[in-house]
Structures are given as structure tokens and as C-alpha cells.
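Single-structure report; data block below.
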Amino acid sequence: MDENVAKGVRNSDILMPYYKLGKPLGYGTFAKVKLGRHVTTGKKVAIKILNTQMLDDVAIQRVQREIKILKSFSHPHIMRFYDVIERPSKIYIVMEYVNAGELFYYIVEKGRLDEDETRHFFQQIISAVEYCHLNMVAHRDLKPENILRDSENNIKIGDFGLSNVMKDGHLLKTSCGSPNYAAPEVISGDHYVGPDVDVWSCGVILYAFLCGRLPFDSDNISSLYGLIKRGLYTLPSHLSPAAKDLITRILVVDPMKRITIPEIRRHPWFQHNLPWNLAVPAQVMQRARRIEEDIIQKMIGLGFNQERVIESLQNKQQNQMTVTYNLLLDGRPHEPNGYLRAEFLEHMMMPGLHHYVGPSSLTGSNSYSNLFENHGASQPRQAPSQGSWVLGIQTEASPREALTEILRALQRLNASWKKIGPYNMKCKWSPTISGYFSAHRLINIDLNHAPIEDDGSSDSGSGNQSRPTIKFEIQLYKVREGRYLLDVQRLQGVPMLFIEICYLFLMELRLA
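So the sequence shown is residues 1 to 512, counted in full-length UniProt numbering.
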């Protein structure tokens with residue numbers, strides 16, 4: 001197959017012969033970036049071309065470090081590495097093509113961003129940085145110039161050339177990165193902890209998003225360093241109190257008093273409208289990876305051997321099989337509400353993985369008329385630092401059968417609901433004196449005319465105004481042929497009340 005994929009294409013445009021080189025995307029002192037196309041899949045890629053004859057040993061080490069780091073990473077907001085091809089005088093690094101350009105130019109064009117758009121970007125940046133730190137990597141050069149924006153207004157962090165692999169108990173010393181974004185301990189030449197300096201840079205980026213300018217800026221480098229070391233900056237009056245509070249907690253000169261990534265995640269400004277996929281702890285994101293059957297089938301259609309593809313993926317080999325797989329996987333449309341939502345929930349419930357209780361997932365066990373499957377409730381449970389409160393259950397029943405049982409359970413609990421899609425509804429529940437209706441009561445449910453209550457309305461009957469209320473959303477996902485995932489997520493209300501309704505809901509489904 002390899003000899004034929006390049007048929008009809010000039011040899012000068014072909015690399016290996018897996019990639020067709022296109023127009024230039026950017027230039028540097030020792031490198032240039034060209035648009036490329038993967039011949040087998042037709043997918044666009046960005047190809048960084050480095051002239052090794054112009055690089056010294058230190059620069060070569062930086063390139064090798066970046067390749068090593070990116071090869072091990074898989075995160076929706078970190079630029080994907082696909083392939084590396086080495087020649088006597090050149091190194092070709094094949095990476096994800098992000099088509100909307102640097103975030104820096106976007107900020108320059110808009111002047112400043114409103115808080116909602118800033119939060120959208122900042123939540124993604126923090127998720128990516130947290131993932132780096134989990135993998136013992138400090139980026140050390142975070143700035144809008146190293147963050148790209150795609151056509152859907154999502155970001156991708158790149159340029160890991162100055163990154164360093166951290167070791168427990170070890171401090172870093174090298175002064176690197178851009179001065180305007182560098183932490184005080186870096187420009188002072190002190191030993192520092194990698195995550196702390198990344199947090200500072202995130203604070204500078206947050207300020208730049210919201211204010212349209214840098215917190216520390218001067219044409220004189222000595223004056224600039226003085227401002228940074230003393231932490232001298234001003235907060236514009238248009239910022240909300242929550243945004244001001246977060247910035248002042250990040251831009252703290254003493255790294256021991258500076259807010260951490262987990263603390264940023266828990267901050268009210270950050271938590272507002274936090275998408276489900278970004279509420280997933282980095283530990284779950286790292287291990288929630290599986291071989292996708294539909295992608296394997298596409299590769300078989302392209303002439304690849306199924307067993308060899310699976311073997312390459314399981315052994316994390318770098319070859320055209322894994323490159324093709326990753327390109328097809330990244331080109332697959334995701335759920336509009338977030339990246340791999342159902343896949344994450346399913347993996348969180350697989351045997352051998354921890355079940356997350358509280359800010360993540362609460363998993364039921366046993367079975368109810370063979371509708372819902374047991375996934376090891378005896379597995380150890382671990383509470384992550386924060387996240388979204390959800391309940392996840394798998395079923396092999398048909399969607400209509402599953403929804404019928406779900407709605408019967410909700411009606412027995414005296415919950416109200418409003419359908420917002422064929423397999424999606426918003427629900428509302430308040431505890432009553434009796435708790436819920438008898439589980440033995442036979443209830444006939446019309447799926448097209450279920451009890452519906454507007455989000456802003458209240459339950460009928462006196463006394464409901466004073467009762468605590470929990471609002472939650474139910475969504476049924478298809479995770480693969482013949483298997484569906486029920487996702488229940490808290491929208492509003494006290495978390496402990498959500499745990500209570502989850503327990504009662506599981507009881508009604510005979511899962512508790």
C-alpha cells in the first residue's frame with residue numbers, strides 16, 4: 001500500500017511517502033512550518049521542518065525533549081503529535097493542524113475579551129496545564145503566542161521546547177520563557193518548582209485576556225523585572241469581583257502563598273459554566289483511552305491488518321498504523337457538549353478503574369431485569385479534588401426500554417421533568433415526608449406526554465417553596481452498538497441532596 005499511496009504526486013512534494021507538503025504556515029530562525037496532508041487519510045497536518053545543520057547541541061536537545069513530551073501526551077487542548085521523520089540534515093515533526101492561528105493575534109484584534117469567553121479559554125488552558133503537571137512536565141513558556149485557536153474557538157497549547165520533565169523533590173533552576181510572563185522566582189535566578197511558575201504565567205494570560213494588556217510591561221528590562229519581583233500591577237474597574245479575586249490569588253510573588261491548580265479549579269469564577277469534559281479530573285482523562293472499533297473498521301477499509309493495528313496501539317508503537325488511527329480519531333466529530341463525554345463515563349465504570357464519588361461519578365451495581373449492568377461496585381472509591389457531580393449507569397436495553405424504566409423511577413420519586421431532546425431531559429426533585437411513592441405501584445407512562453415542568457416554575461402544593469430542591473439532567477448516550485450509557489448530572493442544588501436523589505433513583509432501578 002505504501003508504494004501506491006503516492007502515485008501521481010511529485011516526489012519533491014512527498015515525504016516518506018506518507019505526507020504531501022503544501023504552503024508555508026510560518027518561519028523561524030532554524031525552522032519553518034508547512035501545511036501537510038496525510039496521503040492515506042487526506043487529513044491536514046502541520047509539519048515543522050528543522051535544519052539540524054544550523055542547530056547546536058542545546059537546540060537539538062530542546063527538539064528531542066519536545067518530541068519526547070508530545071509523543072506521550074493525549075489531551076484535547078494540547079497539540080497532538082503524530083509522527084517524526086529524521087533525515088541527515090533535517091527533522092520533520094508532524095503535528096495537529098490548528099487552523100485559526102495564535103491566540104495572541106486574536107487578543108490583539110479584539111482588544112480584550114469578555115469574561116465568558118475568557119473563562120472558556122482559561123478553563124481549557126488550566127485543564128491542559130494540569131494534565132502536563134500530572135505527567136511531571138512543566139511547560140515554562142506559557143503565553144498566548146504558544147497557544148493556538150481552532151475553527152471552533154477552542155485552544156491547543158503547543159511549543160514544549162522549553163518544557164522540563166520534573167522529578168519529585170527536585171527544584172528547577174534554568175531561567176527561561178518570556179520575561180513578561182515569567183514568575184518572580186524565575187527572573188530572580190532562584191530555584192523554583194515548575195508548576196508554580198506555570199500558574200503565574202496562567203495568571204498573566206488571564207489578566208491579558210480580560211484587560212487587553214499585560215500586568216507587567218516596560219520597555220526597560222530592569223524596570224520590568226522590578227515590577228514583576230514586587231508584584232506591582234493595577235486591576236481595571238470593569239473586572240468582576242470574582243475575576244479580581246482570582247487574579248490576585250494567582251499573581252502572588254511568594255510561590256508558597258500562590259494559588260495552586262486544584263485551588264484554581266475550585267474557585268467560583270472558574271467553576272461558573274464549567275463544561276463537563278473539563279470538570280473531569282486529569283487522572284481520569286489520562287487513563288480514559290480505549291481502542292475505538294469504528295476507527296479500526298475504517299483502517300481495515302484502507303487496507304490495514306486489524307491484528308497489527310491493535311498490536312501497535314497496545315504497544316504504543318510509532319508507525320503509520322498509529323498515525324493513521326490517531327488522525328482518523330481526531331477527525332471524528334465529538335459530542336457538542338464536550339470531548340469524549342460518554343467514553344470517559346464508561347471508562348470510569350470499567351473493572352479495574354476507581355469509581356469516583358462526589359465531583360465525578362457515582363456508579364450503581366447489581367441488575368434490574370437485566371437492563372442495567374454491574375461494573376464492580378466493590379472496586380475502591382476515590383474522591384478527586386473537584387469536578388462535576390454525575391451518576392453513570394450502563395445498559396444493554398433498547399433506548400425506549402431504558403427510558404421507560406427511567407421515567408417510571410422518576411415518577412415514583414415524585415420528580416418532575418421536561419424533555420429537551422429525544423433522549424435528554426431536565427429534572428427537578430424535592431424531598432417529601434413520605435420520601436417517594438411505593439415502588440410496587442404500577443404506573444403507565446406515555447413517553448410523548450410525560451409530566452413536564454418549566455425550569456422556572458415550582459411544584460404544586462403548599463410548602464414546596466421552603467423545601468430544598470435539586471435540579472439535574474438525564475442523557476442517554478450510545479457508546480457502541482447495543483450498549484447505552486445513562487448520564488445523570490447535577491445542575492443546581494446542594495451536592496448532598498443530589499447524592500440522596502441518586503441513591504433513591506438507584507433503589508428504584510434496583511441498583512442500590
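Virtual Cβ for every residue (Gly too), placed ideally from N, Cα, C.
Computed from a prediction, not measured in an experiment: that's the story for all the values here.
When the options are compared against residue i, the one with the closest alpha-carbon
i	options	result
residue 50	35, 131, 18 and 90	90
residue 478	312, 247, 107 and 399	399
residue 148	493, 180, 99 and 305	99
residue 505	407, 491, 320 and 482	407
residue 152	314, 33, 117 and 325	117
residue 229	69, 184 and 266	184
residue 138	245, 70 and 332	70
residue 19	279, 294, 40 and 188	40
residue 431	422, 487, 418 and 503	503
residue 60	72, 38, 46 and 30	30
residue 206	114, 254, 27 and 57	114
residue 302	291, 321 and 311	321
residue 196	313, 154 and 252	252
residue 267	53, 94 and 119	119
residue 150	181, 32, 295 and 103	103
Cα-Cα separation between residue i and residue j, rounded to whole angstroms
i	j	result
residue 470	residue 484	25 Å
residue 297	residue 409	38 Å
residue 162	residue 55	Here the model assigns residue 162 a pLDDT of 40, short of 50, so the residue's position is not dependable, and the following value carries that caveat. Cα to Cα, residue 162 sits roughly 15 Å from residue 55.
residue 309	residue 237	57 Å
residue 501	residue 401	21 Å
residue 493	residue 468	8 Å
residue 583	residue 499	What is shown of the chain runs 1 to 512, which leaves residue 583 out entirely.
residue 223	residue 146	25 Å
residue 96	residue 323	11 Å
residue 44	residue 179	34 Å
residue 416	residue 272	25 Å
residue 315	residue 425	41 Å
residue 35	residue 496	51 Å
residue 275	residue 413	28 Å
residue 508	residue 420	23 Å
residue 135	residue 198	14 Å
residue 513	residue 112	The chain is shown only over 1 to 512; residue 513 falls outside these bounds and no answer can be derived.
residue 299	residue 330	14 Å
residue 247	residue 241	10 Å
residue 244	residue 130	22 Å
residue 264	residue 88	46 Å
residue 17	residue 327	16 Å
residue 227	residue 189	16 Å
residue 48	residue 201	25 Å
residue 429	residue 490	11 Å
residue 325	residue 234	49 Å
residue 85	residue 72	17 Å
residue 254	residue 38	48 Å
residue 291	residue 143	34 Å
residue 203	residue 157	16 Å
residue 307	residue 25	37 Å
residue 311	residue 482	26 Å
residue 319	residue 313	10 Å
residue 278	residue 58	36 Å
residue 389	residue 42	Unreliable placement is indicated for residue 389, whose pLDDT of 46 sits below 50; no coordinate value is reported for it.
residue 487	residue 77	24 Å
residue 472	residue 397	23 Å
residue 94	residue 186	32 Å
residue 231	residue 474	46 Å
Enclosing beta strand (DSSP E) for residue i [first to last residue]
i	result
residue 181	Taken as a continuous stretch (DSSP letters only), residue 181 belongs to no beta strand (DSSP E), as it is neither H nor E.
residue 428	424–429
residue 484	483–492
residue 81	81–86
residue 90	90–96
Cβ-heavy atom distance, residue i to the ligand SAH, below 6 Å
i	result
residue 325	Inclusion of the ligand SAH in the displayed structure is not the case, the ligand content being empty and no account of it being possible.
Endpoints, alpha helix (DSSP H) assigned at residue i
i	result
residue 270	268–271
residue 416	From DSSP, residue 416 is part of no alpha helix (DSSP H) but of the beta strand (DSSP E) over 416–421.
residue 498	495–508
residue 306	306–314
residue 325	320–330
residue 243	241–250
residue 227	221–230
residue 201	194–211
residue 277	276–279
(request) Scan the stretch 16–79 and note each continuous alpha helix (DSSP H) run of 4 residues or more that stays entirely inside, going in chain order. (result) 57–72
(request) For the stretch 125–163, list the alpha helix (DSSP H) runs that are entirely contained and at least 4 residues long, ordered along the chain. (result) none
(request) Say whether the stretch 121–132 touches the stretch 81–89, bearing in mind that this needs 3 or more beta-carbon pairs closer than 8 Å, one atom from each stretch. (result) no
(request) Would you check if the stretch 101–120 and the stretch 65–79 touch, i.e. whether three or more CB-CB distances between them fall below 8 Å? (result) no
(message) Count Cβ pairs between the stretch 260–271 and the stretch 211–221 that sit closer than 8 Å; are there 3 or more?
(response) no
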